[in-house]
Amino acid sequence: MILSTGARWLLRLAAAAVLTFIYAPLVLVALNAFSTSVTFAWPPPGYTLRWWQAAASNEGVRTALVTSVEVALAAAVIAVVLGTLASMALVRYDFFGRDAVSLLVLLPIALPGIVTGIALNTLFTQALGGLTFFTLVVGHATFCIVIVVNNASARLRRMSSTAEEASLDLGATPWTTWWRVTLPALRGALFGGGLLAFALSFDEIIVTTFTAGPGLQTLPLWIFQNLFRPNQAPVVNVAAVVLVVISVLPVYLANRLSGGSAGATTK
Amino acid sequence: MAPLLGPAVAAGSVFTFSLSLGDYITVQLVGGTNQMLGNIVYANFSTDLPFSAAVALLPLLVMGAYLLTIRRTGALERL
């Protein structure tokens, strides 16, 4: 598309303005995590790793980080297993109500977190005997599955089923066909989907608030609780930087795995 | 070009719309004294669950109507 010079510059300016608006505050948080000043001082009077040491020796931050990683790993594993099964059924088989099921599978990500959260909370506390670590994992898995289904379905649709049919014609069992033919072709998409699911779970806070067992704290919950304590500000900045890095890295890796094409529809 | 992009834009709007519709965290942090539906649900959740549930139905209904409307564009196959 050929644009006039004026239009090109106008678009460049708009893009720069929007990106600055999004990323300048993030850069400030990162700078403050290294600043010698406790309160926000500009420009930073000096740089120090003191807050990183403080964060590393802070029991709350450490426990929260471990919990976050554990929950995200467990939710990603559940999402990959169930998401793969769902996408195989939705793409490779034709059955009554397939369109409805496909819509129902995708729906959790289109529902506001607070609706999912309050619904799961009521189910867990009133019918299933209370909140635990496991309820938190299940809560996260509900929206993580969608990402895996998206990734796996996109790959399955691009892949012709002829190789699978050939394998079955040559006498392989469905299980062998899955293990030797379908899974190897799908592996990248599943790994990418798992990474995105991990990232999605790692920085989630709304469903977490409603499904975390008593005393359980993830990193986003810890940050939110300590956000308004002035003396914690530098440690909160450090935790925020850690959170950003751990949730952005998987998205970047997943994008590279899928050649930058398949949907990185996290947030 | 706009007609070609339409369904994809509609699919993208599902996420942005629903993320914004149910949010209460961002509202608390940078929303000043404004309240959104999510804040009301969250604030009354532990004291008055039925009221909270009733308010939570609103975003649910809005999202349902939204999804049904844009399903006509074929956008939901590209979510």
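Read top to bottom, the protein sequences are chains E and L. So the first sequence is numbered by this note's numbering: it starts at 1 and just counts up by one. So the second sequence is numbered by this note's numbering: it starts at 1001 and just counts up by one. Using N, Cα and C, we set each Cβ at its ideal position, and we do this for glycine too.
Neighbourhood of residue i by C-beta, 7 Å cutoff - its chain only, sequence neighbours within 5 removed
i: V38 (chain E); result: A233 and P234
i: V1009 (chain L); result: none
i: S161 (chain E); result: R92
i: W222 (chain E); result: G60, V61, A64 and A239
DSSP state of residue i mapped onto helix, strand, coil
i: Y47 (chain E); result: strand
i: S35 (chain E); result: strand
i: Q232 (chain E); result: helix
i: M88 (chain E); result: helix
i: Y1042 (chain L); result: helix
i: M1 (chain E); result: coil
i: Y1024 (chain L); result: coil
i: L1067 (chain L); result: helix
i: G130 (chain E); result: coil
i: T112 (chain E); result: At residue 112 (chain E) the sequence reads Pro, which differs from the Thr that was named. In this structure, P112 (chain E) counts as coil in the three-state DSSP scheme.
i: S1013 (chain L); result: helix
i: Y23 (chain E); result: helix
i: F124 (chain E); result: helix
i: R1072 (chain L); result: coil
Rounded straight-line distance, which links the Cα of residue j to that of residue i
i: V1073 (chain L); j: V66 (chain E); result: Checking the sequence shown, residue 1073 (chain L) turns out to be Thr, not Val. Computed Cα separation, rounded: 44 Å.
i: L1060 (chain L); j: D1023 (chain L); result: 13 Å
i: P108 (chain E); j: I1040 (chain L); result: 21 Å
i: V81 (chain E); j: T182 (chain E); result: 14 Å
i: L73 (chain E); j: R158 (chain E); result: 28 Å
i: G213 (chain E); j: G97 (chain E); result: 36 Å
i: L1019 (chain L); j: S167 (chain E); result: 44 Å
i: G1038 (chain L); j: A7 (chain E); result: 40 Å
i: V241 (chain E); j: D94 (chain E); result: 46 Å
i: T266 (chain E); j: T48 (chain E); result: Low per-residue confidence applies at T266 (chain E): pLDDT is 41, beneath 50, and the placement is therefore not dependable enough to give any value.
i: F21 (chain E); j: V27 (chain E); result: 11 Å
Chain L contact residues for residue i, given Cβ-Cβ distances below 7 Å
i: G113 (chain E); result: G1022
i: I205 (chain E); result: I1025
i: I118 (chain E); result: V1041, F1045, S1052, A1053 and A1056
Chain E residues whose Cβ lies nearer than 7 Å to that of residue i
i: P1059 (chain L); result: P112 and V115
i: L1067 (chain L); result: A110
6 Å CB neighbourhood of residue i in its chain, flanking five on each side removed
i: V61 (chain E); result: A55 and A239
i: G113 (chain E); result: I206 and V207
i: T125 (chain E); result: none
i: A1056 (chain L); result: V1041
i: G46 (chain E); result: T36
i: A262 (chain E); result: Confidence in A262 (chain E) is poor, its pLDDT being 45 and thus under 50, which makes the residue's placement unreliable; the coordinate value appears in the next sentence. Result list for A262 (chain E): N151 and A154, in chain order.
Neighbouring residues, chain E, relative to residue i (Cβ below 9 Å)
i: G1006 (chain L); result: What G1006 (chain L) touches in chain E: nothing, since even the nearest Cβ is about 17 Å away.
Contact set for residue i: own chain, Cβ-Cβ below 8 Å, skip 5 residues either direction
i: T84 (chain E); result: V148, A152, L186 and L190
i: P43 (chain E); result: none
i: V276 (chain E); result: The shown model of chain E, from 1 to 267, leaves out residue 276 (chain E), and the question about it has no answer.
Contact test: residue i Cβ vs the ligand GDP heavy atom, cutoff 7 Å
i: D94 (chain E); result: You won't find the ligand GDP in this model; it holds no ligand whatsoever.
Closer than 8 Å at the beta carbon, the chain E residues around residue i
i: G1032 (chain L); result: None at all; the shortest Cβ gap to chain E is about 15 Å.
Would you list, in sequence order, the uninterrupted alpha helix (DSSP H) runs of no fewer than 4 residues that lie entirely inside the stretch 191-254 of chain E? Segments of the alpha helix (DSSP H) lying fully in the stretch 191-254 of chain E: 206-211 and 219-226.
Quick check for students: name the residue ranges of the beta strand (DSSP E) that lie wholly in the stretch 136-187 of chain E, counting only runs of 3 or more. DSSP runs (the beta strand (DSSP E)) wholly in the stretch 136-187 of chain E: none.
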